[in-house]
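Numbering (my numbering), first residue to last: 307 to 486. First up is the structure itself, then whatever we jot down about it.
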């Protein structure tokens with residue numbers, strides 16, 4: 307009759323698991339700070355992308371696309387959050403048939419206009435360095451010192467040579483106001 311010591315029952319698998327763990331190489335993972343070149347240009351650093359079917363009533367046939375830029379922007383950094391780059395072209399490409407070639411591209415170009423809001427300080431009007439001078443509500447409120455607007459082009463087919471159409475806001479005009 308062979309007797310097995312209780313310690314041997316769990317010790318042998320534990321030693322093998324430890325050896326396998328030590329022999330495994332380090333895992334490579336991505337982060338919001340992985341690319342040396344893009345870290346010098348955070349305004350165009352795409353960080354996250356979300357795509358989902360809209361859950362609003364009556365919009366079940368609508369797909370929502372959300373792209374985030376500018377990594378590591380902390381909530382406590384406000385109210386002067388970073389603006390988007392007016393010299394950049396932001397794009398979202400959609401491949402509808404799985405061939406790894408864009409079928410539809412959404413192109414966004416931004417424009418930033420400083421309103422130069424000034425406050426009376428000691429009897430003089432002094433321009434504020436903040437992007438807002440009070441509470442904000444609605445579209446393009448009076449207290450907004452930095453107004454960001456953008457255009458959207460939808461390109462069918464190749465993003466450089468396809469059929470391009472400018473989108474217009476439901477309220478008219480050619481520019482959309484960036485929400486604040």
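Don't be surprised by glycine CBs; every beta carbon is placed ideally from N, CA and C.
> Using the C-alpha atoms, what's the distance from residue 328 back to residue 354?
Replying inline: 33 Å
> Taking residue 395 as the reference, which of 442, 352, 323 has the closest Cα?
Replying inline: 352
> By how many angstroms is the C-alpha of residue 433 removed from the C-alpha of residue 415?
Replying inline: 27 Å
> Using the C-alpha atoms, what's the distance from residue 321 back to residue 486?
Replying inline: Straight across, the Cα-Cα distance linking residue 486 with residue 321 is about 56 Å.
> To the nearest whole angstrom, what separates the beta carbons of residue 360 and residue 369, a pair I think is in contact under 8 Å?
Replying inline: Between residue 369 and residue 360 the Cβ distance is about 7 Å, and since that is below 8 Å, they are a contact.
> Where does residue 362 land, buried or exposed, given buried means 16+ other C-beta within 10 angstroms?
Replying inline: Exposed, by the Cβ-count rule.
> Which residues in the same chain have their Cβ closer than 7 Å to the Cβ of residue 462, if we skip the five residues on either side of it in sequence?
Replying inline: 410, 468, 469
>> Let me make sure I understand the geometry here. Which of 365, 398, 484, 437 has the alpha-carbon closest to that of residue 383?
In response: 437
> Smallest Cα separation from residue 459: which of 482, 443, 451?
Replying inline: 482
> What's the C-alpha gap between residue 435 and residue 348?
Replying inline: 21 Å
> What first and last residue would you give for the beta strand (DSSP E) that runs through residue 470?
Replying inline: 469-472
>> Nearest by alpha-carbon distance to residue 484: which of 343, 377, 389 is it?
In response: 389
> If we ignore side chains and look at the alpha-carbon of each, how far apart do residue 424 and residue 442 end up?
Replying inline: 17 Å
> Between residue 447 and residue 420, what straight-line distance do the alpha-carbon atoms span, to the nearest angstrom?
Replying inline: In this structure, the straight-line span from the alpha carbon of residue 447 to that of residue 420 is close to 13 Å.
> Can you tell which of 418, 402, 404, 464 has its C-alpha closest to the C-alpha of residue 450?
Replying inline: 418
> How many Å lie between residue 403 and residue 373 at the Cα?
Replying inline: When rounded, the distance between both Cα atoms is 21 Å.
> If you compare alpha carbons, which of 399, 406, 344 is closest to residue 377?
Replying inline: Just measuring C-alpha positions, the residue of 399, 406, 344 sitting nearest residue 377 is 344.
>> Tell me which residues share the same chain as residue 440 and place their Cβ nearer than 6 Å to its Cβ, disregarding the 5 neighbours each side in the sequence.
In response: Taking residue 440 as the centre and dropping the five residues before and after it, the same chain places the C-beta of 449 closer than 6 Å to its C-beta, in chain order.
>> Suppose the cutoff is 6 Å on Cβ atoms and the five residues either side in sequence are ignored; what does the same chain contact list for residue 445 look like?
In response: 483
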